[in-house]
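Going from the sequence shown to my numbering is simple: count from 1 and add 32.
Written below as structure tokens is the structure these notes are about.
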Amino acid sequence: MKRILKIFLIGTFVLVAALVVNILVGILGISTWYDFIINVEQNGFFSAIEKEALPSIVFLIFIYPLILGVVAVWSQKLMSRIIE
33 MKRILKIFLI GTFVLVAALV VNILVGILGI STWYDFIINV EQNGFFSAIE
83 KEALPSIVFL IFIYPLILGV VAVWSQKLMS RIIE
């Protein structure tokens, strides 16, 4: 049961982090995955990539997964200390 609780809480941390990051990058004018998927649906994959600005591509491919990965590792360490 403790393992399930840890997994749930880690997932919750990652979800909240994703929501916060999506809000912040939206304010900065950087595309989120949601924006990119809509662009792909409307214009096709390669056209969508061509239309995206470099900061959005760098964010989507490198920065976003890195942030969520760091949150997952951090929350796993936190949960290991709190729930033994």
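Every residue gets a Cβ at the ideal spot worked out from N, C-alpha and C, and that includes glycine.
query, result
"Considering only the beta carbon of each residue, do Ile70 and Ser88 sit closer than 9 Å?", "no"
"Report the three-state DSSP secondary structure of Glu116 (helix, strand or coil).", "coil"
"For Gly76, collect the residues of the same chain with a Cβ closer than 7 Å to its Cβ; drop the 5 residues on either side in sequence, then sort them by chain order.", "none"
"Pick helix, strand or coil for Thr85, following the three-state DSSP scheme.", "First, the amino acid is wrong: residue 85 is Ala here, not Thr. It is coil, neither helix nor strand."
"Is Ser63 helix, strand or coil when you go by DSSP?", "coil"
"Can you check whether the CB of Val53 is closer than 9 Å to the CB of Ile93?", "no"
"Of the choices Arg113, Phe91, Ile115, whose alpha-carbon is the least far from that of Val57?", "Phe91"
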